[in-house]
Structure formats: structure tokens, C-alpha cells
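Colleague:
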């Protein structure tokens, strides 16, 4: 089967799990539940959840313990976009061609829907202890919490917000890229491995692969903003320069940025193939994320 | 010892735990950590944490497993205030006489600090599995998640926001009171009991007491807004009427509202004294919360 078909199949799998785990549209608080559905189900490639699922499979994981964590991961990703889009942050009225959550439901509900999704993600992870109350579940929860918070995604987001329109050192840009986008990718790969019973050393390797992939993914973003076209990308190119945003390309140039992506890509794949399990799709997915054209 | 002194002692205990569990002020993401400290440590009576601690003691709880949950409870309470104060919600520039978090750190950081506190609360609860990886910890986490989310505090907040300036049925007001404020009080009492090893039936009774106390606490709020003075209350009275806010008093009148508080109070205390353990301070605290003058 070709990669695209395999990918769509996984995406469908994740969407079914999300539909299963989202709260039912009922009760006096129904508006916020509607807004949660709207935020989570209005598109998205589900890359983080698919990475988690395939990391689980790489280590021979079977069973439903992964499901609440897959749903939780996508809910955290969703909430971060909902809050990112708010007027006080990126002020984006549209996302993926439709109105962003606060534009559709009002700003107050946008804030509350984001809060609700973040909280619900942890409710789902807490529910996983009903399936299996053991150290693996606890470890998975700890990773989710850490990588989503101030020592992960939120940390990256805060530094990104503070760096806007400022000259920042290269290390700060690396911190933003590694945390804002990379941390959840690391978490996805680690949680899949942990829940399948991987050893600590193996989980560390998955974290390293996640870090390589997350950073390469972001550098690719920086590159595409310069080299792609608006038609292919589906959004205006050159926006980083226009917004005076420092990027890997503005720091080290296009050629060196491409080299960096190659280096990270090789490192990620060589670490992956050294692991005992085998998952060709995961390898293809990683290469797709890094070498994508849009 | 008199109640006030005992209360201050507990508050000090909680403040020490908060200082211990808050993240260190360091790293590139330091601003958000500063804002977290600012939000959590700028006052607050710590009633929810104290209720949790005393419920734990009621059932003979000893040991540090309660600590991360005490800290998590206050962080969730703090984040809810930080987000409540945002311009899109209550638009309050001041809280407890000092600038609210978004007024001090900017709106973007207010949103992110709230997110960070909510996330960090669950990180701390997840860390509790390092102390004791068992079903009690899992149950405590589940209660925290549920009562803080759409089936608890956020649910109440959403309905409150949607009810502004509208005529709502009495049932909707009850829903708001029970969830927006009551849910965390229920959670506090349940988690203390669960972590101390109370039976399911006992935990249910604690939930009932929490529900009574939470509702009575809110009705008292409605009453004080009519009967107190600005000097005593430290904020303008009559604000509910001015804001066309329906309250227990506007629905059933002052006398019936007082009766309702009495009924809830008696029910809470009689349920409490039927429980096997004994905790005089907890009883005094409950009565204080319900019969307070400000």
C-alpha cells in the first residue's frame, strides 16, 4: 500500500477514537462541548496521535490502554491552537479555512473551550488507570503533563510570544522550536513506547528521535516559508520575513538549514532502525514529516 | 486555640506546600513561572486545600501523598481566577487589592499563565504516583479532573457566562452555584478522604457534604451582597442587582435564602458527625464558611 493510503487509514482510526472519547453533546454546559467538538474535529492531520500509535506498535503494543492517550494528545494539540488563535495571541480568525473557535463561539467561549480541552485531556488520561492501574500508565501521564507544560509546549509558546519583533540569539530560537512544536512530538513517541513496555533506554531513544523529528519539522517550516508557493502551501509565503520573525533560514541561510534537516533526519532514522522492533510505516511517516513539500 | 488561629496555622501550612511545589523561577520561560507565582501567592484563603487536608486527617490520613494534591487544588483555583479576570470574561483589573495577572503581565501572558497553572496542577498530581502508585492516587486524580472540568467547575463557569443578562430558570442558577464554586469543594473533601483510604460510601458522604457546603457558601455570597456593607465586604455591595444578576435572593427572597443556608448547614454537619472519624476543626471550618459575615 502506498504511504498516503496508509496514512489516511491511521487518520481515520484516530478520528474514530476522538469521536468515541469526546464528551456527548448534552447538558446545560452544551455550548462548551459543542465548541470542543468543533475545535477537535475541524480537520488536523493527527500526526502526533499517529506517531504515538505507531511507536506503541513498534514495541509490540496491543490493547486499548493507548486509546485515551491518543485522544488526550489531540485534545492538547487542539487546545493549544484554540488559545493561540485568540486576539491577545495570534489573533487568527480562520484556521484550516474555517472560522477559528473564538471567532465562531466568541472570545469567552474560546478561552473556556481551550481550558475544557486541556482539562479533559487529563481526565481521559486519568481514566486510563481504569484500564490498567500500573507504573506504565503513571509514567505516560507524567510525560504528557511535563511535555505539554512549562517545561515543554507552553514553555516554548511563552518564549515565542516574548520574542516577537525582538532580536533573539540562536539558542532562543532553538528553544522555541524544540519546545513549542517538538515537545508534544517527543511526548507522543515516548508515551507509545512506555505503554507498550519499552525499557527506559528505549524510551530515551524515542525521546531523541522525537526531538530530531520535531526540530527538523520546524526547520522545514522555516524553509517552506521561503521556497514554496502560496498555491502549494495553502497560505501566504514569505510571512516570516514580513513579520520580522527570525527563523533557521534567517540565522544560518537556506543551504545550511537544508543540511541541518538532513542531519537530523539521518540521526532520527538511524536511531529508529537500531531499535529491536520494526515499523516501516513509522519510518516513512518521519521522513514524510521532515521532507514534506507543504 | 480559637478558630482564627487554627485557621491561620493551616493556611501557613498550605502556603509552605505551595512554595515547595511551585516551579523554580529560572529558565528562558521564566516570565510565565513568575506569573504563576504571582497568581498563586498573591493572597487567597486556601479554603479548598484546607478542606482537603482536614478531610484527609478526618480519615486518619498521614504522609506526604496529600501534598501534591493540595498544591494542585490551589493551582486550579488560581488558574480559574486568572482566566475569569481576563477582558473577554469578567474584565477585572484588580483582585485582592493588587493587579490581576493579565493586568500585570499582559493579556497573552495571562492566558498562558492560566494554562500553565492548570497543566502544572496535573503534572503535580501525576507526580503523586512516584509517592504511591496505587488505586487511591488514581481515584484522587480522576476526581480532580472531573470536578475541575466540564462536568464541574468549567461547566458551571460556561453556564454562568451564557446566563449573563438573561432570565434563567432557578434550576440553571442551582447548576451554576453547584458547579462553578461547589465542584472544587466537593473534590477537595473527596480527595482527602480517598487518599486516606475512606470507603466508597464514605467518599460519597464527603461529596454530599461538599455539595451542601459549596451551595450554602454561594447562597451566603448572594445574601451578603444584599445585607452587608462595602466596608465589611471589601467590595461594593448590591453588585448583583446592578449587574442584573439573578441570585438565590432574587429568586426566593432573603428569608427563604437564609432558611436554605440553615438547612444545608444542618445537613452537612449531621452527615459529618455520623462519620467514624472526628475532626472538630473541619466542623468549625464548614460552619465558618457558611455563616461568614464577609
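Chains as they are written, first to last, in the numbering used here: chain C, 1 to 294; chain A, 1 to 294. No residue lacks a Cβ here, since even glycine has one placed at the ideal position from N, Cα and C.
1) Residue 68 (chain A) lies in the alpha helix (DSSP H); which residues open and close that run?
2) Along the stretch 18 to 32 of chain C, where does the CB come closer than 8 Å to a CB of chain A? Name the residues.
3) If residue 114 (chain C) sits next to residue 82 (chain C), beta carbons under 8 Å apart, how far is it from one beta carbon to the other, in whole angstroms?
4) Judging by CA-CA distance, which residue of A:192, A:40, A:100 is the nearest neighbour of residue 74 (chain A)?
5) Mapping the DSSP letters down to three states, classify residue 283 (chain C) as helix, strand or coil.
6) Taking residue 289 (chain A) and residue 217 (chain A) to be in contact with their CB atoms under 8 Å, please state how far apart those CB atoms are, rounded to whole angstroms.
7) So with Cβ pairs under 8 Å, would you call residue 108 (chain C) a contact of chain E?
8) Run the CB neighbour count on residue 127 (chain A), radius 10 Å, all protein chains shown included, and call it buried at 16 or more, exposed below.
9) Does the distance from the CB of residue 196 (chain A) to the CB of residue 60 (chain A) come in under 8 Å?
10) According to the neighbour-count rule (16 or more other Cβ atoms, all chains shown, within 10 Å of its Cβ), is residue 231 (chain A) buried or exposed?
11) Does DSSP classify residue 292 (chain C) as helix, strand or coil?
12) Rank A:284, A:291, A:7, A:22 by C-alpha distance to the C-alpha of residue 228 (chain A) and give the top, closest one.
13) Give me the Cα-Cα distance between residue 138 (chain A) and residue 133 (chain C), rounded to the nearest whole angstrom.
14) On a CA-only basis, which of A:27, A:135, A:37, A:19 is nearest residue 295 (chain C)? Give me that one, please.
15) For residue 46 (chain C), which of helix, strand or coil comes out of DSSP?
16) Note down the Cα distance separating residue 5 (chain A) from residue 87 (chain A), rounded to an integer number of angstroms.
17) Considering only the beta carbon of each residue, do residue 155 (chain A) and residue 29 (chain C) sit closer than 8 Å?
18) Per the DSSP calculation, residue 98 (chain C) is bridged to which residue(s)?
19) Name, please, each residue of chain A whose Cβ falls closer than 8 Å to the Cβ of residue 155 (chain C).
20) Along the stretch 174 to 197 of chain C, where does the CB come closer than 9 Å to a CB of chain A? Name the residues.
21) With respect to the alpha helix (DSSP H) encompassing residue 200 (chain A), which residues constitute its N-terminal and C-terminal limits?
22) Please report the Cβ distance between residue 117 (chain C) and residue 56 (chain C), rounded to the nearest whole angstrom; I am assuming they are in contact, meaning their Cβ atoms lie under 8 Å.
23) Which of helix, strand or coil does DSSP assign to residue 150 (chain A)?
24) Could you give the distance in angstroms between the alpha-carbon of residue 68 (chain C) and the alpha-carbon of residue 286 (chain C)?
25) Is residue 120 (chain C) close to chain A? Criterion is C-beta to C-beta, closer than 8 Å.
26) Tell me which residue opens and which closes the alpha helix (DSSP H) that residue 29 (chain A) is part of.
27) Just curious, the alpha helix (DSSP H) that residue 16 (chain A) is in, first and last residue?
28) DSSP three-state label for residue 144 (chain A), please.
29) Here's the rule: buried if 16 or more other CB atoms are within 10 angstroms of the residue's CB, otherwise exposed. What is residue 162 (chain C)?
Modeller: Concretely, from the data shown:
1) 66 to 84
2) 23, 27, 28, 29, 31, 32
3) 4 Å
4) Comparing Cα positions, the closest option is A:40.
5) helix
6) 5 Å
7) Checking the listed chains, one finds no chain E in this structure; the protein chains it contains are C and A.
8) buried
9) The criterion of a C-beta distance shorter than 8 Å is satisfied by residue 196 (chain A) and residue 60 (chain A).
10) By the 10 Å Cβ count, residue 231 (chain A) comes out exposed.
11) coil
12) A:291
13) Rounded to the nearest whole angstrom, the CA to CA distance from residue 138 (chain A) to residue 133 (chain C) is 7 Å.
14) What the structure shows of chain C is the stretch from 1 to 294, and residue 295 (chain C) is not part of that stretch, so it cannot be assessed.
15) coil
16) 37 Å
17) yes
18) C:95
19) 27, 28, 29, 32
20) 175, 176, 179
21) 200 to 227
22) Contact doesn't hold; Cβ gap of about 22 Å is too wide.
23) coil
24) 23 Å
25) By this cut-off, residue 120 (chain C) is an interface position.
26) Taken as a continuous stretch (DSSP letters only), residue 29 (chain A) belongs to no alpha helix (DSSP H), as it is neither H nor E.
27) 3 to 21
28) Note: residue 144 (chain A) maps to helix in three-state DSSP.
29) buried
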